[in-house]
Amino acid sequence: MATSLKSDLLDCLSGSNVIVEGDERWPDAIKRWTGYQAKIPAAVVRVLNEEDVISAVSYAVKNQRPFVVRGGGHSNGFSTVDSPGIVIDLSGMKNVTVDVEKQVVVAQGGATMGDGVKGAGAVGMAVATGTCNEVGLVGATLGGGIGRFLGHLGYAADTVLSMRVVVVGNSGVARVVEASNEVNSDLLWGLRGSGHLFGVVVEATFRALPWSYDTWHSCLVFVPNNVRMVAEAVDKVHYRGGMQGRLVFCAPNKKPAVLLQLWYVGPPEEAASKFHPLLDLPSLKDHPLNFVGRRIPYLHLNDSSERICGYEGRKNLAAFGMNKMSAESCEVALKVYMDFLAQHPEAAQTHILTEFYSMDVAQELDTDGQRTSVPVELRQEVKYWVMPLAWYEDPALDKACADLNKDIQEAFLIQPDGKRLKRINNVSLDGSSSSHRSPNGSQGLPKGVFEWNIIVATTVQQPSPDVSKKSTRSWSHHEFNAVVLADNPAHVTPDHRSGPESEDIPPAMAMQAHPTDPEQAMISSHVASN
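For the sequence shown, our numbering gives the first residue as 139, with consecutive numbering after it.
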């Protein structure tokens, strides 16, 4: 069966590699950021060019094989699909080119954050990326894209000028279309923030920024008993421009601690005065992890995340946004974390991360939802992103770690007066759609019209009947997260619903994700040709 599949795929590809179980390269081909919820496909197709992406998608459509697209390989369990499905691996398409005069970066679909940083930084430019070099640049952007330059450029989706996307025509044969402000602007709108299900993005053009500054970075370490003091101080600061930070619950050497990490993306000499209320806190100055004022060259901006972003172990990452953080809720969340470590010391690599950025630019860029499909709440309401990251080796801990992520969420959201904060996100912890709705949902599309056929995603096990239809009305952000773009009727089967556990986690978080790269591979198609 595998031999026949490999032969059939090779017959329709120009030079791409088709890898099946038993091949020497198989272990490397199915390597991913986490072993959690891992799936084993029938084959991995490492495409080398746009034409082979078209051929691979057409083959999957014709033979009704589910497929997913691999960008950085960082998704939380859905970067692969079970047999008889296939993975279309874009890692052979990683070119990044920079036009300094026009201030644009053009990246192929398989380029990672690290590729983007390296390409732009080599010529004195910067591009909006997340905080993990290994995460897919395009995949993260499709979910919004949070990163170090959020305070200067907004979400990564805000910087997208155009994309080339493989979609499927009425004949069941794939083709490439351009999406820009001039052509297929409705498609571009959907791709910029809610785009994982709309097609295979083979190329994206981003607006870039001339950049010459090192990034100022500090890490303050506190004993757990000081968590309320630290949380109160963090919440009093208004983060502007290049100011950003992260509150971390972790256990270096299996000893719980609270870390306050700070970054300033701008002239380093400005940083200390902007962060002085936090730098004045009584941190453990003799702790080996405590330091103030290190400078990071742009080309090495994400290097410190290499271990947490590396491809090893089982990691279950969740993420959600909230508009405020109480000191009491932080204290409760820390206790939940410490109780978990006491019960499961073998999972001591587990972290609870709460990130905060300057949101001023993101709030101003798209106030009416006409430019991108990033939900208004993710611009106007989110102040903190909470990301529980359970990190362990033993599959027997899967349930306990999944429960930890949910318990951490409740600890942060339940307030001292018993009221519950709204969890701001596009997806829920169980992978289903959240109750979140964008207030401008029906008015968000340019001209209020989406002129492509849209179909509802279904599961591989229970494909739904064809429900496509030509749309002449607006679609809400929530609906966009549940559909796949094609210009013909089809059945689509995601190997996993997009969820915060996903690499590129909440759609808008792909940043950090986690940081999770909700990677491109969120389309998983089982398309019936007509």
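Using N, Cα and C, we set each Cβ at its ideal position, and we do this for glycine too.
| Item | Value |
| --- | --- |
| Would you please state the rounded distance, in angstroms, between the beta carbons of T510 and D296? I believe it to be under 8 Å. | 6 Å |
| So, V191 versus V338, is the Cβ gap smaller than 8 Å? | yes |
| Give every residue of the same chain whose Cβ lies closer than 7 Å to the Cβ of F618, excluding the five residues on either side of it in the sequence, and list them in chain order. | With a pLDDT of 36 at F618, under the threshold of 50, the predicted position of this residue should be treated as unreliable, and no value is reported. |
| When the Cβ atoms of the segment 288-307 are set against those of the segment 482-502, are three or more pairs found closer than 8 Å? | yes |
| Quick one: using the 10 Å Cβ neighbour count with 16 as the cut-off for buried, is L437 buried or exposed? | exposed |
| In this structure, does DSSP put D166 in helix, strand or coil? | helix |
| Which of the three DSSP states is assigned to R561 in this structure? | coil |
| Mapping the DSSP letters down to three states, classify K202 as helix, strand or coil. | The amino acid occupying residue 202 in the given sequence is Gln; Lys does not appear at that position. Residue state, collapsed to three classes: coil. |
| Quick one: grab the DSSP three-state call for N454. | strand |
| Can you say whether G262 is buried or exposed, counting buried as having 16 or more other CB atoms within 10 angstroms of its CB? | exposed |
| Comparing alpha-carbon positions, which option in S467, A181, M476, Y293 lies nearest S557? | Note on residue identity: the sequence assigns Lys, not Ser, to residue 557. The shortest Cα separation from K557 among S467, A181, M476, Y293 belongs to S467. |
| Does the distance from the CB of L503 to the CB of I562 come in under 8 Å? | no |
| Tell me whether R345 sits in a helix, a strand or coil according to DSSP, three-state version. | strand |
| Short of 8 Å in beta carbon distance, which residues of its chain neighbour K169, apart from the five on each side in sequence? Order them along the chain. | G211, Y449 |
| Let me make sure I understand the geometry here. Which of G160, V199, A369, L358 has the alpha-carbon closest to that of A471? | A369 |
| Given V243, which residues of its chain have a CB within under 6 Å of its CB, disregarding the five upstream and five downstream residues? | V236, A258, V265, F344, A346 |
| Residues bridged to V182 by DSSP? | I157, V225 |
| Let me know if V520 comes out buried or exposed under the rule of 16 or more other beta-carbons within 10 Å of its beta-carbon. | buried |
| If you draw a straight line from the alpha carbon of G507 to that of S300, how long is it in whole angstroms? | 17 Å |
| Measuring alpha carbon to alpha carbon, tell me which of F336, V361, Y402 ends up nearest L422. | V361 |
| Taking W349 as the reference, give the member of M381, D532, G431, P405 with the closest Cα. | P405 |
| D237 by DSSP, collapsed to three states: which one? | strand |
| With which residues is F360 paired in a DSSP beta bridge? | V396 |
| For N233, collect the residues of the same chain with a Cβ closer than 6 Å to its Cβ; drop the 5 residues on either side in sequence, then sort them by chain order. | Q246 |
| How about G285 and G268: are their beta carbons less than 8 Å apart? | yes |
| At what residue ranges does the segment 429-516 contain a whole run of the beta strand (DSSP E), taking only runs of 3 or more? | 429-434, 452-455, 458-460, 489-495 |
| Just the C-alpha distance for D477 and I546, rounded to the nearest angstrom, thanks. | 11 Å |
| If you drop the 5 nearest sequence neighbours on each side, which residues of the same chain put their C-beta closer than 6 Å to that of D568? | Bear in mind that the predicted position of D568 carries a pLDDT of just 44, short of 50, making it unreliable; the figure below should be weighed with that in mind. Counting only Cβ-Cβ distances below 6 Å, and skipping sequence neighbours, we find nothing. |
| Rank V276, T492, R452, K200 by C-alpha distance to the C-alpha of V340 and give the top, closest one. | V276 |
| Identify whether H290 lies in helix, strand or coil by the three-state DSSP scheme. | helix |
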